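Chemist:
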Amino acid sequence: MRSFALLLCLLTGPALAQDRDGNDTPSDWVVTHQKAFGLWDSVCDERAEDGALHQRCYIRYVDVFSPRPAFAAHFVFVTPDAGGVRIEYGSEPGTRFTRGGNRIEQGGAPIWSTDAADCLSGGACVFTGDAAAELYAALRGGGAWRFDFADRHGRLQTLAWDLSPFAAAADDYETEAAARGLH
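Counting along the sequence shown from 1, when you hit position 91 you're at 95 in the numbering used here, and nothing is skipped either side.
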């Protein structure tokens, strides 16, 4: 649910942003770098926390494929994590994927997929360590991240995210994170 709240904050902008206590007030994060690569964004921002500067960098992709009133979206965030990356993919609770319906294809053939229950049902879908490194390499390799699912409203959906800009977004993110000592 925390991931979905973050998604809503990113989609609705400052008017509905939340502060550190969860109040609906403008966020205190200040963007210091943002570069778009197609629909992939490489972003760094910062804020003061307990008298110290807290910085973060990430790659994000947010796909609002069904607008209001039947809102539905998917998102992914790539962030630094213990010498590698942490990848969080999200969809709303109630999303149900078909078998093999969350996959990366290159040349029309699947090269990566997940059968993790939380990733196929709108739960917390987080990859760390070797699993994140494998997914990150697949994302960098290009192709398409494909999704076959029923959204939370029961509508059958098929989406394809173009991964051709991802490697450039990843290069930018890695450069910016390293410049801030985050990798």
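Glycine included, each C-beta is placed from N, C-alpha and C at the ideal position.
Every value quoted in this text rests on a predicted model; they were computed, and no experiment measured them.
If you follow the alpha helix (DSSP H) that Phe170 is in, where does it begin and where does it stop?
Modeler: Where Phe170 is concerned, the enclosing alpha helix (DSSP H) stretches over 170 to 183.
Chemist: Could you check the C-alpha separation between Phe170 and Pro73 for me, to the nearest Å?
Modeler: Their backbone Cα atoms lie some 31 angstroms apart in a straight line.
Chemist: In angstroms, rounded to a whole number, what distance separates the CA positions of Ala142 and Val82?
Modeler: Cα to Cα, the separation comes out at about 13 angstroms.
Chemist: Just the C-alpha distance for Gln110 and Tyr62, rounded to the nearest angstrom, thanks.
Modeler: Near 24 angstroms, if we compare the C-alpha coordinates of Tyr62 and Gln110.
Chemist: Could you have a look at Asp122 and say whether DSSP puts it in helix, strand or coil?
Modeler: Asp122 falls in the helix class under three-state DSSP.
Chemist: Can you check whether the CB of Gly105 is closer than 7 angstroms to the CB of Asp152?
Modeler: Yes; because the gap between Cβ atoms is below 7 angstroms, this pair is in contact.
Chemist: Report the three-state DSSP secondary structure of Glu138 (helix, strand or coil).
Modeler: Correct three-state label for Glu138: helix.
Chemist: For the beta strand (DSSP E) holding Thr36, just list the boundary residues, first then last.
Modeler: It spans 34 to 41 - the beta strand (DSSP E) in which Thr36 sits, taken as one unbroken run.
Chemist: Just checking, does the region 90 to 107 make contact with the region 41 to 60 on the three C-beta pairs under 8 angstroms criterion?
Modeler: Result no; under three Cβ-Cβ pairs closer than 8 angstroms.
Chemist: In or out: Val80 buried (at least 16 other Cβ within 10 Å) or exposed?
Modeler: Buried, by the Cβ-count rule.
Chemist: Determine the DSSP secondary structure at Gly133, reduced to helix, strand or coil.
Modeler: In the structure shown, Gly133 sits in a helix (DSSP, three-state: H, G or I).
Chemist: Could you have a look at Leu163 and say whether DSSP puts it in helix, strand or coil?
Modeler: In this structure, Leu163 counts as strand in the three-state DSSP scheme.
Chemist: Can you check whether the CB of Ala76 is closer than 7 angstroms to the CB of Asp155?
Modeler: A contact, by the Cβ cut-off of 7 angstroms.
Chemist: Would you mind working out which of Ser31, Asp54, Arg150, Pro84 sits nearest Phe101, comparing C-alpha positions?
Modeler: When only C-alpha atoms are compared, the closest one is Arg150.
Chemist: Which residue's Cα is closest to the Cα of Tyr93: Gly126, Gly112, Arg144?
Modeler: Checking every option, the nearest Cα to that of Tyr93 belongs to Gly126.
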